[in-house]
Amino acid sequence: MSFTETFTDFYNHVKTSLADGTFAKLTLAKTIGNTDLMNIYVRPIVEEGILKLELKYKFQQEEQVEIHTIDNARDVLVNYINNPFLSAILFTAQFDLIYKLNKKRAVNITEQVNTFENASEILLEYLNQ
């Protein structure tokens, strides 16, 4: 399977957690080599009554923010898998899902005990409208 296919499978869990109100945050991390871009943090926001995702790019010297629709965010994020990021972690109120590439670029998706007890406040407010 290609990175696009495996990341799409992983991202379907992101979309499910947004829909069921358990999404806390998504982080892309573990870069290849010394890169200027260190992390991408993804959080839900509501813009003009529509649930979207804020992508915060954490560089060594600055931060940049972009707003995307939920589906478009997948298209943006998949471009960063294996270039430069080797992992993505979905934090939910139920579990953490880790998408990881090893040195041979084989994909491993594992579930762990949840880090966060509560979902994103913004998401919960949006779903309770």
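In my numbering, the protein residues as written are 1 to 129.
By construction, the Cβ of each residue, glycine as well, lies at the ideal position given by its N, Cα and C atoms.
Keep in mind it's a predicted model, so treat the numbers as computed, not measured.
May I ask you to report which of helix, strand or coil DSSP gives residue 58?
Here DSSP, grouped into helix, strand and coil, assigns residue 58 to strand.
Using the Cβ count rule (16 or more neighbours within 10 Å means buried), how would you classify residue 42?
With at least 16 other beta carbons inside 10 angstroms of its own, residue 42 counts as buried.
Who are residue 91's beta bridge partners in DSSP?
Residue 91 is bridged by DSSP to 25 and 96.
For residue 105, which residues in the same chain have their Cβ closer than 7 Å to its Cβ, ignoring the five residues on either side in sequence?
Non-local beta-carbon contacts of residue 105 in its own chain, meaning distances under 7 Å to residues more than five positions away in sequence, involve 82 in chain order.
Using 10 angstroms around the beta-carbon of residue 67, count the other beta-carbons present and answer buried if the total reaches 16, otherwise exposed.
Here residue 67 is exposed, its C-beta having fewer than 16 other C-beta atoms within 10 Å.
Ordered along the chain, which non-local residues of its own chain (more than five positions away) have a Cβ less than 8 Å from that of residue 116?
Answer for residue 116: 24, 25, 91, 92 and 93, listed in chain order.
Which of the three DSSP states is assigned to residue 72 in this structure?
Taken through DSSP and simplified to helix, strand or coil, residue 72 comes out as helix.
What first and last residue would you give for the alpha helix (DSSP H) that runs through residue 122?
From DSSP, the alpha helix (DSSP H) with residue 122 extends over 121-127.
Any chance the segment 111-126 sits against the segment 33-50, with 3 or more Cβ pairs inside 8 Å?
The segment 111-126 is in contact with the segment 33-50.
Residue 15 versus residue 70 - alpha carbon distance
When rounded, the separation of the alpha-carbon atoms in residue 15 and residue 70 is 7 Å.
For residue 39, report the span of its beta strand (DSSP E) as first-last.
Its beta strand (DSSP E) spans residues 37-47.
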